[in-house]
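*Asks:* Here's a structure for you.
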Amino acid sequence: MQKRRIFQMEIISNNKTATNTVEVEFKASAEEFEQAVQAAYLKKKKNINVPGFRKGKAPRKIIEAEYGEGVFYEDAVNGMYQKSVAEVIDELKLEVVDMPNIEVTEVSKENGVSFKATFTTKPEVEIKDYKGIKVNKTVKNVTDEDVANELKRYQEKDARIIDVTDRPLQKGDTAVFDFEGFVDGEAFEGGKAEHFSLEIGSGQFIPGFEDGMVGHSIDEEFEINVTFPENYNAENLKGKPAVFKCKIHEIKAKEYAELDDEFAKDVSDFDTLDEFKADIRAKLEESAKNAADAKLDADITDAVIEKLEGEIPDAMINNRVDDLVRDWEYRNRYQGITVADYLKFTNTTIEQFKENFKEPAAKQVKLRLALEKIAQIENVAVTDEDVEKEYAEMAENYKMELDKVKALVAEQALRKDLEVEKAFDIVRESADVTEVTE
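And the structure:
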């Protein structure tokens, strides 16, 4: 049992009751409680009616006589405990990761106010063998076929749509047609349309339908026999054989430009096809390198997390889940989609929605703890120059004034982030990387 005083706050006991849990009993003096009661009276009196006095003008003793001595106690205690808890955390140097559970154990004019608070604290973790992690880096070689496929995408964007009248429908064409579907000889809801436009091979219709269209011509009437998939969204059609009566009105095809210097000039800033191809290859190689680096970092991250030892409080992961949910809503705000909207559209609960974020949240929390520990072990230092450079880059990236960035991002938090980044650099640079060509 230990006693120490913070201003007029007395810590009675400080006990670790479980892993990452600290229970603290502390007390505010009668004098401090009296000050809090007086503050509550001054704040509340303007709303209190007492017979014989103008509203807000009744003395405290009169109000207490009218409504009871404890009329201001609840407001007084509420006004005290947040400050008191903050002082306890500061005095005991607790690294708290969640809101504490507060219990008021005594309130009296003579003895003051006693509290019991249960804090969830940041876990003590260990990590070993984080240097020399063995990991493969898979690098994709860019081939002539990759370049050709990219050129094909440019051709697709630049293609002209032409009417076809001299041949049957082919894969890749777009058919404009009528159709009506029947199951067991009966037409079904949603199975009929006129002048419907469908690109053959797009997979927009159920399996077998688009293949059944191929080879038929304009004005031809024909039937297609298909079977609805077992996982089809309409319950009454799942697994059912169906017949579709069809008639084609139009066939449209894409006409592609020749791959030559003129094409390169039309779709790029280059004068020749060879220059355009070289640029495509360079961009594909850069993209492949970035993808390989990202995958390498992800694999190193997984290895670091595996090496972390320690019991992580659920509160840390749950709080990170809440952060990710807020991030999701922020990203979707321009589409006007809120979490409530999503839950309604998908017929899911908030608990089910949050479950999607549990795994990434747990990984992020564990990685952060691991890297903070590595930074401690390696005595990672963040200089003022590092901080100023990061602020400047943030200002440039977000097109904001430097002072505004500094006002929004606390320096202490930024320093911790930079420590974590430097710790990861140490792990990455020491990793035993084997390059594998895909």
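In full-length UniProt numbering, the protein residues as written are 1 to 438. By construction, the Cβ of each residue, glycine as well, lies at the ideal position given by its N, Cα and C atoms.
(1) Would a check of beta-carbon distances place GLU106 closer than 8 Å to chain B?
(2) So VAL164 and LYS252 are in contact, right, with Cβ under 8 Å, and what is the actual spacing, rounded?
(3) Near VAL147, what residues of its chain come up, given a Cβ to Cβ distance below 6 Å and the 5 sequence neighbours on each side ignored?
(4) Give me the DSSP bridge partner(s) of ALA187.
(5) Give the DSSP-derived three-state secondary structure of LYS16 in the structure shown.
(6) Name the two residues that bound the continuous beta strand (DSSP E) containing ASN101.
(7) Could you compute how far the alpha carbon of PHE196 sits from the alpha carbon of ILE248?
(8) Assuming the contact rule is C-beta atoms closer than 8 Å, ALA39 and MET9 should be a hit. Round their C-beta distance to whole Å, please.
(9) By DSSP, does GLY310 sit in helix, in strand, or in coil?
(10) Run the CB neighbour count on PRO241, radius 10 Å, all protein chains shown included, and call it buried at 16 or more, exposed below.
(11) Report the residue ranges of all alpha helix (DSSP H) runs contained in full by the stretch 402 to 433; include only those spanning at least 4 residues, in chain order.
(12) Run the CB neighbour count on PRO59, radius 10 Å, all protein chains shown included, and call it buried at 16 or more, exposed below.
(13) Which value, in whole angstroms, describes the spacing of the CA atoms of GLN2 and VAL22?
(14) Quick one: grab the DSSP three-state call for PHE7.
(15) Just to confirm, is the Cβ distance from VAL339 to VAL325 under 8 Å?
(16) According to DSSP, is LEU42 part of a helix, a strand, or is it coil?
(17) CB VAL135 to CB ASP299, shorter than 8 Å?
(18) Could you give the DSSP three-state label for VAL380: helix, strand or coil?
(19) Pick out whichever of GLU286, PHE244 and GLU306 has its Cα sitting closest to the Cα of GLY190.
(20) Below 8 Å on the Cβ atoms is my contact criterion, and I expect SER430 with GLY132 to pass it. Report the Cβ-Cβ distance as a whole number of Å.
(21) At the level of alpha carbons, what is the spacing between ILE377 and VAL304?
(22) Can GLU275 and ALA291 be called in contact, C-beta distance under 8 Å?
(23) Would you tell me roughly how many angstroms separate the C-alpha atoms of GLN364 and LYS307, rounded to the nearest one?
(24) Could you say which of ARG153, ALA187, PRO123 and PRO360 lies nearest to THR19 if we only look at CA atoms?
(25) Can you name, in chain order, every residue of its own chain whose Cβ lies under 6 Å from the Cβ of PHE357, other than the five neighbours on each side?
(26) According to DSSP, which residues form a beta bridge with PHE244?
(27) So is LYS404 buried or exposed if we call it buried at 16+ other beta carbons inside 10 Å?
(28) Given ALA187, which residues of its chain have a CB within under 8 Å of its CB, disregarding the five upstream and five downstream residues?
*Replies:* This is what the structure gives:
(1) In the displayed structure, chain B is absent; only one protein chain is listed.
(2) 7 Å
(3) LYS277, ILE280 and ARG281
(4) DSSP output for ALA187 lists PHE182 as bridge partner(s).
(5) Strand.
(6) If you look at ASN101, you'll find it in the beta strand (DSSP E) that goes 101 to 108.
(7) 9 Å
(8) With 8 Å as the limit, ALA39 and MET9 do not qualify as a contact, their Cβ atoms being about 16 Å apart.
(9) coil
(10) With fewer than 16 other Cβ atoms within 10 Å, it is exposed.
(11) 402 to 408 and 411 to 430
(12) exposed
(13) Because GLN2 sits at a pLDDT of 46, beneath the cut-off of 50, its placement in the model cannot be relied upon, and the point is left open.
(14) Annotation note: pLDDT 45 at PHE7 (below 50); position unreliable, coordinate value reported separately. Coil at PHE7, not helix or strand.
(15) yes
(16) The answer is helix: DSSP assigns LEU42 an H, G or I state.
(17) Cβ atoms of VAL135 and ASP299: closer than 8 Å.
(18) coil
(19) Out of GLU286, PHE244 and GLU306, PHE244 has the C-alpha closest to the C-alpha of GLY190.
(20) 6 Å
(21) So the two alpha carbons sit approximately 14 Å from each other.
(22) no
(23) 14 Å
(24) PRO123
(25) VAL321 and LEU324
(26) Paired residue(s): GLY181 and ILE224.
(27) exposed
(28) GLU180 and GLY181
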